[in-house]
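Residue numbers (the numbering used here), protein chains in the order written: chain A, 65 to 549; chain B, 3 to 292. Yeah, the Cβ is synthetic: ideal placement off N, Cα and C, and Gly gets one too.
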Amino acid sequence: MTKRLSIVFLALVVMLAFTMGLAAEGQKEAQDEQNAIDLINWDAPKPAVERLTGDKYVLPEGWDAATEGVDEIFYFNSGGMGGDPATARNIELFEEMTGITVKWAEVSSEILFQKTLNVLVSKDKSVHGMSLDSGPYQLEQIIGAGWAEPMPFWTDEVKAAYPDSIVPTLTGDDGKGYATVDTMRAYVFYYRPSWLEAAGVEKVPETWMEVREAAKKCNDWAKENLGQDYYGIVFPAKSYNLLHMLQPGIYSQGARVIQDGAPNYNTPEGRNSWEYWTGLVRDGIAPEAVLGWTWNDYQNVFSRGKSAMMLGFTTWVNVCADPEKAPAMQEDVFGEPAEGPIGKGDWAVIQPPKWDASEPDSNRSAFIDFDAFMVNPFADPAQKAAMLLFSEFRMSKQAMANELILEGNEAFYPGTYKDPKVQEQIMWAEPRSKSVATTVMESFPPGAMKANDVLIEYFGRAAIGEIDPLEALEKAQSEIDGIYQ
Amino acid sequence: MKMQSISDSKFGMLLSLPGLILLVLWVGIPLIILIGVSFLKFDVLQPIQFLGFDNYIYLFKDRVFRDSLFNTLTFFAGSTLLTFILAYPTAWSLSRIRKGSTTLRTFVMFPWAVPLIVSGFIWGWMFNAAYGVLNHVFVSIGLFESNVNFIGQSNTAMLAVIIADAWTRVPFMTILTLAGLEAISGTLYESADIDGADIFQKTRYITLPLAKGPILTGLLITSVFSFRTIDAIFSLTKGGPARGTYVLGMLNLDYIYNYIEFGRAAAVSVYLALICLLIAAVYIYFLLKE
């Protein structure tokens, strides 16, 4: 009996010690959390806005104490690093500054949100930062769920220095900033001068009405002279990328999609845009294959010489100018070497079109697309601190200059464009900066992904002639209204 | 001390216990949690609420759910039927070939080694409207006047995903069917030959009844797999065009990963499980029927 009592007593003592040890560990972790990020003084040695917007980024005071013991950080990169030379260069610079190695996983945009969600739901500590490739449609939900770490460097002064069309999307209801912009892409209108000339298009189209007319001529000419797999115009109709075509059609008429806090496409301007884009497929000017194309596919079709025109990312200027990535661009449509307007091949860009001649030039608007970047709130405190530093650096003028020059992405910090050293290295600076100036950014409430899927489905059905376009739009909008009730 | 002996049945149960525990841990508990979540409003933005059967009712009334259910049943029927249509003659041929049978049986197994998601990509390239080998062949032999966009039209896209899926399932079905065929005594066919039966009569009155067990087992497994695996659809069409190949598995994926509505996702899963159970019950009925 005494022996059994002793065993029970010993077991109780061990359990108590274990439990107290766990509690102490938890308390220490909570203390660490409070201490690590708080060790950084974001407004020293200079105010955050000056550290970010100077020619060279300056690390904040206390960064080394906050990141003590951190040898590496790990994040999900949207897509392959081969297509992100600016990101690679910025990583090198960050590693040189801090001695912290940055590792990444290349995650296809098709499963990026899924993997991100897995990390957040499972509170996985091993991934410290993540990109969101549909920032405008996903951020509100992520922030609302408490799945993003607040970013203390988003002071009021910093917010004022960055585009006020985008900053609110990165900010929660509590006024704190929860994300930065990973990469940002404006849209410009691309065309092949030799193709337009061969097809008898006398003037470069500047309205969507002119684009349609020109695309039809180019399409008809190409089918007779080049082959069946050459098209007047191409665009993406798979996934949310379709919205980046529908929305410019609406914005170019001076209208907006979000009304009373919910998306409404069944407006006069929405119906115009809808009929326009479905009509391109129905009338054979754009191929049915667009229904299966994402942002990468249709732009590759253009840069491989298969399309006369497209509304594409500014990023694609770097692709089109690269003889290795776009050999077809270095020749005209007759196969002869062509230098083109800037000596980089038979292609050119202009600002996105306005709807028609009655619209002002300020309506030469397109959507601005960006990948957001956020820090995992469940990561260890010191690692979070390191990832916050990385996030901050990536939105600095120094990092943004690399995005502009090396990758052709737009600069999240607008002041980057004013730097003469940057200006002399960017291709097509004028139409790009004009496009950024007139671009429209709307933030979509939670439920946007579901609404997008409804729209994409009905677009496809209308485009292949299964249903009348306007009837399709009415049905789509009715279902979208049901989502937001 | 004398060791007490236990009965065979008790001993069997004791040995089954570890497996049973694992089954409860890996299947039973998650299933209970899944069913529990299906009764909740669980969307990470608002507090979790008990909704009763609201998620089920919502889905039942939802057009997208009904359309994807129809697509799921079409896909299941098409994939299972095509698998059987290809597997049965293959198994029948293999059972009669003596020379090189080992090599041939090995070749037949190759598609099984291909992951479904890779199968989707392979067939995607073959069906490609501009560069696909199928269009090239069909146009060359004059079957089509011009290239066909197989994946761009809902009806042909469904056929494409059925082919991509069935292609990987044929080896498994072939093996099971072959096992059934080889268990049939040759004397029965000899007797049938003497009585003047043709091949269709022999198949109908001898082969199918006697090989019923393995064939139905293979069909059951193929059917259930066609419900639960969406890999080929994901890589080939992603449920498009215009949700023409959008099945319940894709809807489930969207509710979890795009819409972040776990309650409704769980309800979709429960509906899927119930459909699979119903189909399995039908097969088992025919399997056990004398």
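task: May I ask which residues mark the beginning and end of the alpha helix (DSSP H) holding B:W94?
output: Bounds of the alpha helix (DSSP H) holding B:W94 are R65 to R98.
Under 7 Å from the C-beta of B:A131: neighbouring residues of chain A: Neighbourhood of B:A131 in chain A, by CB distance below 7 Å: A353, in chain order.
Item checked: Coarse secondary structure for B:Q155, derived from DSSP in three states -> The three-state reading of DSSP puts B:Q155 in coil, since its state is none of H, G, I, E or B.
- Out of B:I31, B:Y58 and B:L33, state which residue places its alpha-carbon closest to the alpha-carbon of B:L42. Looking at the Cα atoms, B:Y58 is the closest of the given residues.
Strictly below 8 Å CB to CB, what residues from chain A border B:L294? Lying outside 3 to 292, the shown extent of chain B, residue 294 of chain B is not represented and no answer is given.
For the stretch 236-283 of chain B, list the alpha helix (DSSP H) runs that are entirely contained and at least 4 residues long, ordered along the chain. Counting only runs of 4 or more, we get 250-259.
For A:G199 versus A:T233, is the C-beta spacing smaller than 8 Å? Against a cut-off of 8 Å, the Cβ pair of A:T233 and A:G199 comes out as a contact.
What are the partner residues of A:P327, as DSSP defines its beta bridges? Checking the DSSP bridge columns, you'll see A:P327 partnered with A:I322.
Does the distance between the C-beta of A:K287 and the nearest non-hydrogen atom of the ligand NAD fall short of 7 Å? No copy of the ligand NAD appears in this structure; indeed no ligand is present at all.
Practice task
Name the residue from B:I37, B:V141, B:P32 and B:F236 whose alpha carbon lies nearest to the alpha carbon of B:G265.
Solution key: Comparing Cα-Cα distances from B:G265 to each of B:I37, B:V141, B:P32 and B:F236, the minimum goes to B:I37.
| request: For chain A, find out if any of its Cβ atoms is closer than 8 Å to the Cβ of B:S2; answer yes or no. | output: Nothing about residue 2 of chain B can be reported from this structure: the residues present for chain B run from 3 to 292 only.
task: Leaving out five residues on either side along the sequence, give the residues of the same chain with a beta carbon under 6 Å from the beta carbon of B:L88.
output: Contacts found: V172.
For A:D410, does the count of other Cβ atoms within 10 angstroms reach 16, so buried, or fall short, so exposed? With 16 or more Cβ atoms within 10 Å of its Cβ, A:D410 is classed as buried.
- How would you call A:I469, buried or exposed, if buried means at least 16 neighbouring beta carbons within 10 angstroms? Buried.
Chain A partners of B:N149, CB-CB under 9 Å? Using a Cβ-Cβ cut-off of 9 Å, B:N149 is close to Q292 and D293 of chain A, given in chain order.
_List, in chain order, every chain B residue whose beta-carbon is nearer than 7 Å to that of A:M513._
Taking a Cβ-Cβ threshold of 7 Å, the residues of chain B close to A:M513 are N260 and Y261, in chain order.
Using CA atoms only, rank isn't needed, just tell me which of B:G215, B:F52 and B:L221 is closest to B:I186.
For B:I186, the nearest C-alpha among the options comes from B:G215.
Which of helix, strand or coil does DSSP assign to A:W168? Three-state result, A:W168: strand.
Check: Rounded to the nearest angstrom, how far is the Cβ of A:P478 from that of A:Q415, given a contact under 8 Å?
Finding: Not a contact, Cβ separation roughly 17 Å.
Just the C-alpha distance for B:H138 and A:A286, rounded to the nearest angstrom, thanks. So the alpha carbons of these two residues sit roughly 20 Å apart.
Helix, strand or coil, according to DSSP, for B:Q203 in the structure here? If DSSP states are grouped into helix, strand and coil, B:Q203 belongs with the helices.
*asked:* I'd like to know if A:E236 contacts chain B, where contact means its C-beta is closer than 8 Å to some C-beta of that chain.
replied: The sequence given here places Gly at residue 236 of chain A; Glu does not occur at that position. Proximity of A:G236 to chain B, defined by a Cβ-Cβ separation below 8 Å, is not satisfied.
Using the three-state DSSP reduction, which class does A:L196 fall into: helix, strand or coil?
It is a strand residue.
Under a Cβ-count criterion, where at least 16 other Cβ atoms within 10 Å of its own Cβ denotes burial, should A:Q363 be classed as buried or exposed?
Counting the other CB atoms within 10 Å of its CB gives A:Q363 a total of 16 or more, which places it among the buried residues.
Practice item. Kindly list the residues whose CB is nearer than 8 Å to the CB of B:L1, restricted to its own chain and excluding five residues on each side of it in sequence; keep chain order. Key: As displayed, chain B neither begins before 3 nor continues past 292, which places residue 1 of chain B out of reach and without an answer.
Extent of the continuous beta strand (DSSP E) run through A:V413
Residues A412 to I414.
message: A:R249 and A:F158 - do their beta-carbons sit closer together than 8 Å?
response: No.
Ignore the nearest five residues each way along the sequence and tell me which others in B:S121's own chain have a CB closer than 7 Å to its CB.
Excluding residues within five positions, the ones whose Cβ falls inside 7 Å are A166, W169, T170 and A234.
Using a Cβ-Cβ cutoff of 7 Å, what residues of the stretch 148-180 of chain A are near chain B? List them in chain order. Along the stretch 148-180 of chain A, the positions whose C-beta sits under 7 Å from a C-beta of chain B are F177 and Q178, read in chain order.
Listing by chain order, which chain B residues have their CB less than 9 Å from the CB of A:K187? None at all; the shortest Cβ gap to chain B is about 13 Å.
### Beta-carbon proximity list for A:N516, same chain, < 7 Å, skipping 5 on both sides
Answer for A:N516: Y201, Y304 and L307, listed in chain order.
- Within the same chain, show all residues whose beta-carbon is closer than 8 Å to that of B:L253, passing over the 5 residues directly before and after it, in chain order. Excluding sequence neighbours, B:L253 sits near V66, F67, S70 and V270.
Exercise for the section: Determine the burial state of A:G163: buried for a count of at least 16 other Cβ atoms within 10 Å of its Cβ, exposed for fewer. Expected result: By the Cβ neighbour-count rule, A:G163 is exposed, with fewer than 16 other Cβ atoms within 10 Å of its own.
Exercise for review: For B:G14, count neighbouring Cβ atoms within 10 angstroms of its own Cβ and tell me buried if that reaches 16, exposed if not.
Suggested key: Looking at its Cβ environment, which holds fewer than 16 other Cβ atoms inside 10 Å, B:G14 is exposed.
- Between the C-alpha atoms of A:W357 and A:D324, what's the straight-line distance to the nearest angstrom? Spanning the two alpha carbons is a distance of roughly 32 Å.
Mapping the DSSP letters down to three states, classify B:G54 as helix, strand or coil. Three-state result, B:G54: coil.
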